[in-house]
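So the structure is just underneath, and the comments pick up after that.
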Amino acid sequence: MKNEPLEALTAKIHAAGRVALLCHVSPDCDTLGSSLALAEAIRMAGKQAVVFSADKLTDKQMILCGAQEVVQYNPHDPGYDLGVLVDCSHPGRVGDSAQVLDKCEEVTYLDHHVPEESGEVMSGWRDVKASSAGEMMCALIHHMGVGFTSSIAANLYMAISTDTGHFSYSNTTAQTHRAAAELLEAGADSARLTEWLYRRTTVGYTRLLAQVLSTLELLHHSKVALLSCAYSWLEACGAQEGETEGMIDYARDIQGVEIAAILKEGPDGVVRVSLRSKRRVDVQKIAASYGGGGHVRAAGCTLKMPLDQAKEEMKHALCQALEM
């Protein structure tokens, strides 16, 4: 079946000489791994590509091939023929990197999330049935006529693995496994990558995890689980900002819990909320009511209020969602 958005995105990349790839704020391995894989594929096609992230990468994310080449916005950078938002579709999701878009002749996106209620602000390729941007990127790189190197395969395998909870979430499909199998055949080392991603931690992470778990609150007959993390704890524990990723699973996995949330205070005082659900609740709708988005079972939003106030706001919203 013809995929017009995929074909249009491929044509734009082929027509561009310089391409800027933009990761979303609080970057995970899906946005980073997908961007780095596409950057390598674009360079293999004889073009230039630069990956931008408004936030610094964690030590764990530095295992991604080419991670040291990810840069932040520089006002002295030359312009680009094309800007591609990866794993998001709104300029507001890329933080300070949005300034790069002013230097792009054309802007598009590749995203697997449900669109924000404000609607599309540009044309691009969206597939909400895909498990991850990494899964979509497999198809894009194929369509570009570029083969998978071992480094492209490793980056895309990490992108897919992390966004599917190591192939355990409900967004994992037969196509997800087909894509992963192809990446393994191309040289992705599953044992090494899994060891690094899931079985290796730092002292700082362990101390922060203990602090975060101590905030656990169970509400609405223990069907809602809430965690929080103050920004000051990062320095106190010797942890990095991105190391809170995955901590929400400790709350979600509690028997009887239907909705889990973790509220993370940023250096600017803004609170980023991650939401997870099991079966009954569409957390994307909750996130959308606060200007965020995501999927039925995994979503997020930003609250511009103090952490304590944000916690009370979320408690009310999550309990109310269970009553509907």
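Counting along the sequence shown from 1, when you hit position 246 you're at 490 in the numbering used here, and nothing is skipped either side. We put the beta carbon where it would ideally sit given N, CA and C, even for glycine. Every value quoted in this text rests on a predicted model; they were computed, and no experiment measured them.
The C-beta of residue 335 has 16 or more other C-beta atoms within 10 Å across all chains shown, which makes the residue buried. Beta bridge pairing from DSSP links residue 324 with 348.
If you draw a 10 Å sphere on the C-beta of residue 442, you find fewer than 16 other C-beta atoms in it, and that means exposed. Setting aside the 5 residues that flank it on each side, residue 525 is surrounded in the same chain by 502, 503, 565 and 566, each with a C-beta closer than 7 Å to its C-beta; the list follows chain order. Here residue 255 is not near residue 369, since their CB atoms are 9 Å or more apart. For residue 254, the enclosing alpha helix (DSSP H) has its first and last residue at 248-259. Residue 394 holds the alpha-carbon nearest to the alpha-carbon of residue 308 among 420, 506 and 394. Excluding its 5 nearest sequence neighbours in each direction, residue 357 has C-beta neighbours in its own chain below 6 Å: 537 and 538, listed in chain order.
Counted as a single uninterrupted DSSP element, the stretch harbouring residue 541 is not any alpha helix (DSSP H), since DSSP gives it neither H nor E. Judged by DSSP secondary structure, residue 461 falls within the beta strand (DSSP E) whose first and last residues are 461-463.
In the structure shown, the three-state DSSP call for residue 315 is strand. In this structure, residue 403 places its C-beta atom within 9 Å of the C-beta atom of residue 378. A straight-line Cα-Cα distance of about 21 Å links residue 446 and residue 459. Inter-residue distance for residue 326 and residue 332 is about 16 Å (C-alpha atoms, whole angstroms). Taking every protein chain shown into account, the CB of residue 523 has fewer than 16 other CB atoms within 10 angstroms, so this residue is exposed. Distances from the alpha-carbon of residue 531 to those of 561, 545, 520 and 422 put 545 closest. The Cβ atoms of residue 427 and residue 400 lie closer than 9 Å to each other.
Annotation for residue 480: the continuous alpha helix (DSSP H) segment containing it runs 476-481. Distances from the CA of residue 474 to each of 456, 519, 339 and 250 were compared; the closest alpha carbon is that of 456. Contact between the segment 255-267 and the segment 310-326 is present: 3 or more CB-CB pairs across the two stretches fall below 8 Å. Collapsing the DSSP output to three states places residue 433 in coil.
Segment contact: the segment 300-319 against the segment 412-425, fewer than three CB-CB distances shorter than 8 Å; contact not assigned. C-alpha of residue 397 to C-alpha of residue 281: approximately 8 Å in a straight line.
In the structure shown, residue 424 adopts helical secondary structure according to DSSP, grouped into three states. Positions of the beta strand (DSSP E) runs, each at least 3 residues long and wholly inside the segment 260-311, are given as 262-267 and 292-296 in order along the chain. Residues 379 and 382 of the same chain have their beta carbon placed closer than 6 Å to that of residue 423, with the five preceding and five following residues left out of the count.
Residue 552 counts as exposed, since fewer than 16 other beta carbons sit within 10 angstroms of its beta carbon. Note: residue 355 is bridge-paired with 370 in the DSSP secondary-structure output. In the DSSP annotation of this structure, residue 385 is not part of any beta strand (DSSP E); the continuous alpha helix (DSSP H) holding it starts and ends at 377-388. Cβ-Cβ distances below 6 Å link residue 273 to 402, 403 and 406 in the same chain, with the five nearest sequence neighbours on each side left out; the list follows chain order.
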